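Participant: Note that the working numbering numbers the sequence shown so that position 2 is 2, with each residue one more than the last. Ideal Cβ placement from N, Cα and C applies to all residues, glycine included. This one's a predicted model, so the numbers in the text were calculated from it and none came from an experiment.
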Amino acid sequence: MSLKVALLGAAGGIGQPLGLLLKQNPAITELALFDVVPVVKGVAADISHVNSPAVTTGYTKDDDGLKHALTGAQVVVIPAGVPRKPGMTRDDLFNINAGIVRDLAQAIAEFCPKAFVCVISNPVNSTVPIAAEVFKAAGTFDPKRLFGVTTLDVVRSSTMSAQAIGDPTGAPKYTIPVVGGHSGVTILPLLSQSKPALPESLLGDNEKLKALIHRIQFGGDEVVEAKAGAGSATLSMAYAGYYFVQRLISAAFEGKTGVVEPSYVYTKDEASLASEIGESLDFFSVPVELGPEGVKKLLPVGKLSEYEASLLKAALGELSGSISKGVSFIQTPK
Ligand code: NAI
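1) Looking at the structure shown, is Tyr174 part of a helix, part of a strand, or coil, going by DSSP?
2) Considering Gly291, what are the terminal residues of the beta strand (DSSP E) in which it resides?
3) How about Glu261 and Val288: are their beta carbons less than 8 Å apart?
4) Tell whether a beta-carbon distance below 8 Å holds between Pro300 and Glu276.
5) What's the call for Val119, buried or exposed, on a 16-neighbour Cβ count within 10 Å?
6) Alpha helix (DSSP H) containing Pro17: first to last residue?
7) What is the rounded straight-line gap between the Cα of Ile216 and the Cα of Met160?
8) Check the C-beta distance from Gly65 over to Val43 and give it rounded, since I have them as a contact under 8 Å.
9) Quick one: complete alpha helix (DSSP H) runs, 4+ long, within the segment 169 to 237?
10) Based on DSSP bridge pairs, tell me the residues matched to Thr56.
11) On a Cα-Cα basis, can you pick out the residue from Glu110, Ala32, Leu152, Val295 that is closest to Thr234?
12) Could you give the first and the last residue of the continuous alpha helix (DSSP H) run that contains Gly65?
13) Here's the rule: buried if 16 or more other CB atoms are within 10 angstroms of the residue's CB, otherwise exposed. What is Pro123?
14) Using the beta-carbon count (16 or more within 10 Å), is Asn51 buried or exposed?
15) Using the Cβ count rule (16 or more neighbours within 10 Å means buried), how would you classify Gln331?
16) Using the Cβ count rule (16 or more neighbours within 10 Å means buried), how would you classify Ala80?
17) From what residue to what residue does the alpha helix (DSSP H) around Leu312 run?
18) Relative to the C-alpha of Gly184, which candidate in Leu316, Gly72, Ala252 has its C-alpha closest?
19) Skipping 5 residues on each side, what residues in its chain have a beta carbon closer than 6 Å to that of Ala69?
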């Protein structure tokens with residue numbers, strides 16, 4: 001089997017470690033690293049020495065680099081764009097990153113319209129709708145193939161929950177679905193659905209629960225502040241991004257079944273989701289069963305605790321605005 005993965009924004013803080021992680025996946029036979037800065041060629045030369053199958057090449061804008069990186073790609077991962085600095089929200093990144101994602105999506109529609117596309121660039125709540133609008137205009141939109149990567153919220157949920165209950169080394173044990181979006185209050189970790197269940201000493205203590213959910217929702221700020229102007233989460237994001245991509249690869253190309261990961265996907269015609277959350281949104285993060293076609297099935301959000309139901313209301317309000325902002329960025333002539 002041959003499998004080409006293209007990574008756009010490959011010279012960045014996320015891109016470099018994510019490229020390294022992708023390189024060590026034995027299923028990948030070709031790894032195309034694209035960035036607008038020339039150092040990407042050095043990053044590719046460096047990573048290419050790892051003795052795994054993926055033939056690794058670096059491309060910049062010169063010599064039709066984007067075209068060569070994308071042609072034949074079956075999976076495209078996008079961590080291109082500027083990260084946050086202290087005091088900024090993900091939405092503050094919109095003005096720069098919206099245009100970057102638009103241009104990259106246009107190139108994907110042209111050179112690899114059937115690829116699975118995983119968007120990491122923030123604000124994910126708006127950049128995924130932007131990519132969808134570009135694909136719709138190009139006639140290549142397949143809602144089963146477009147993913148907003150929210151896995152870092154899932155990863156943080158298990159780590160931070162394990163810490164909150166005084167079992168920090170237990171982090172890998174806890175699987176916690178995260179629904180909604182990928183920004184502040186739109187991030188809704190469903191702690192009541194953790195497998196295995198979290199203890200009543202946490203679930204029954206409103207103050208502790210509130211503090212933990214807030215920490216998960218704003219966990220990115222801890223990193224932004226600690227890096228003090230030098231960027232946002234890169235290493236944990238590379239881990240989370242790689243985790244999602246390898247799960248997608250295993251379901252889409254390696255025949256693995258029962259692969260479920262939360263992701264921010266197209267939900268416009270999902271009547272059962274709309275009745276669960278009480279509103280019809282074009283995009284929402286839900287646990288997704290992955291398969292050869294990409295999205296095989298959206299799984300229900302499931303039963304929410306009273307507190308989670310109140311948080312859902314706040315999430316819905318902010319999400320619909322972020323989705324409209326992305327859609328009108330493409331639809332409204334400048
Ligand atoms: P960075 O600034 O270190 O790297 C971004 C890279 O993108 C740079 O190498 C830059 O040259 C490149 N780039 C800019 N325009 C480009 C274009 N048109 N085509 C290709 N490459 C281009 O930033 P970092 O820390 O890697 O973050 C990247 C993005 O990921 C940011 O938008 C950040 O907010 C987002 N992010 C998303 C997370 C998530 O959970 N989805 C978590 C953390 C960050």
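Facilitator: Quick answer:
1) Here residue 174 refers to the residue found at position 174 of the sequence shown. Residue state, collapsed to three classes: coil.
2) Mapped onto the sequence shown, residue 291 falls at position 291. Run containing Gly291: 283 to 291, per the beta strand (DSSP E) assignment.
3) In the sequence shown, residue 261 corresponds to position 261, counting from 1. In the sequence shown, residue 288 corresponds to position 288, counting from 1. Yes.
4) Numbered from its first residue, the sequence shown carries residue 300 at position 300. Numbered from its first residue, the sequence shown carries residue 276 at position 276. Taking 8 Å as the Cβ cut-off, Pro300 and Glu276 qualify as a contacting pair.
5) Within the sequence shown, the letter at position 119 stands for residue 119. The residue in question, Val119, is buried, as its Cβ has 16 or more Cβ neighbours within 10 Å.
6) As a first step, residue 17 is located in the sequence shown; it is residue number 17 there, counting from the start. Residues 15 to 23.
7) The residue you call residue 216 lines up with position 216 of the sequence shown. The residue you call residue 160 lines up with position 160 of the sequence shown. About 7 Å.
8) On the sequence shown, position 65 is the one that residue 65 refers to. On the sequence shown, position 43 is the one that residue 43 refers to. That belief does not hold up - the Cβ atoms of Gly65 and Val43 are roughly 13 Å apart, past 8 Å.
9) 200 to 203, 206 to 217, 219 to 227
10) The sequence position of residue 56 within the sequence shown is 56, counting from 1. Leu31.
11) Mapped onto the sequence shown, residue 234 falls at position 234. Closest option to Thr234, Cα to Cα, is Leu152.
12) Here the question's residue 65 lines up with position 65 in the sequence shown. From DSSP, the alpha helix (DSSP H) with Gly65 extends over 65 to 70.
13) To locate residue 123, count along the sequence shown from 1; it is residue 123. Buried, since its Cβ has 16 or more Cβ neighbours within 10 Å.
14) In the sequence shown, counting from the first residue as 1, residue 51 sits at position 51. Exposed.
15) The count along the sequence shown starts at 1 and reaches residue 331 at position 331. The residue in question, Gln331, is exposed, as its Cβ has fewer than 16 Cβ neighbours within 10 Å.
16) On the sequence shown, position 80 is the one that residue 80 refers to. Under this definition Ala80 is a buried residue.
17) As a first step, residue 312 is located in the sequence shown; it is residue number 312 there, counting from the start. Per DSSP, Leu312 belongs to the alpha helix (DSSP H) from 306 to 331.
18) The residue you call residue 184 lines up with position 184 of the sequence shown. The option with the nearest alpha carbon to Gly184 is Leu316.
19) Taking the first residue of the sequence shown as position 1, residue 69 is located at position 69. If we look at Ala69 and ignore the five residues flanking it on each side, its Cβ neighbours are Ala6, Ala32, Phe34, Tyr59.
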